[in-house]
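Mind the numbering: the sequence shown is residues 1 to 139 in UniProt numbering, read in order.
Note that CB positions come from ideal geometry on N, CA and C, so glycine has one too.
Please read these numbers as outputs of a predicted model, since none were measured by experiment.
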Amino acid sequence: MSDDKEERLVGIVLVSHSAQVAASVAELARGLAGGATEVPVAPAGGTEAGELGTSAELIAAAAASVDRGAGVAVLTDLGSAVLTVKALLAEGDELPDNTRLVDAPFVEGAVAAVVTAATGADLAAVESAASEAYTYRKV
């Protein structure tokens, strides 16, 4: 893949209350997307002290690390992770331009987002694919 295409890929941030959960979901999503090593994915889990919780600083750093200019999709697990991302978006200068909080199930949405981003799709398509994961029936 050329550097030009890599520059256009949507970045994905996975925010969980647990660093291990965020890292594991990132690994799972890449693996189920056929490796998708070119897709910039960053976990942002737990606190700076390694405890359960969420950290605005870790989320902002993760978003900056995956920003390639095509937008950043942020998926969260629950509760304060959502509120922390909403607060960062409201501040307006902590996250890269064109960052979106995506309303999607955490695991299934992450997989759909990474698979879709790997195709070179834009942020709207990545967001849509992740959100559609709510419709995946298991029975």
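Ranked by Cα distance from Asn98, the options Val114, Ala110, Arg68 and Ala26 are led by Arg68.
Under DSSP, the beta-bridge partners assigned to Leu101 are Val74.
DSSP places Ala121 in the coil class of the three-state scheme, outside both helix and strand. With respect to the 8 Å criterion, Ala130 and Ala118 are not classified as neighbours on the basis of their beta carbons. Collapsing the DSSP output to three states places Ser24 in a helix. With a beta-carbon spacing of about 5 Å, Ala81 and Thr54 fall inside the 8 Å limit used to define contacts.
Inter-segment contact for the stretch 55-62 and the stretch 36-44 is present: three or more beta-carbon pairs are separated by less than 8 Å. Its chain contains Val10 and Ala129 as the residues whose beta carbon lies nearer than 8 Å to that of Ala121, once the 5 sequence neighbours on both sides are disregarded; these appear in chain order. By the 16-neighbour rule on beta-carbons within 10 angstroms, Glu48 is exposed. In this structure, DSSP gives Ala49 a state outside helix and strand, which the three-state scheme calls coil. At the C-beta level, Ala133 and Leu88 stay beyond 8 Å of one another.
Per DSSP, Leu14 lies in no alpha helix (DSSP H) segment; the continuous beta strand (DSSP E) that holds it begins and ends at Gly11 to Ser16. Val41 is bridged by DSSP to Ile12.
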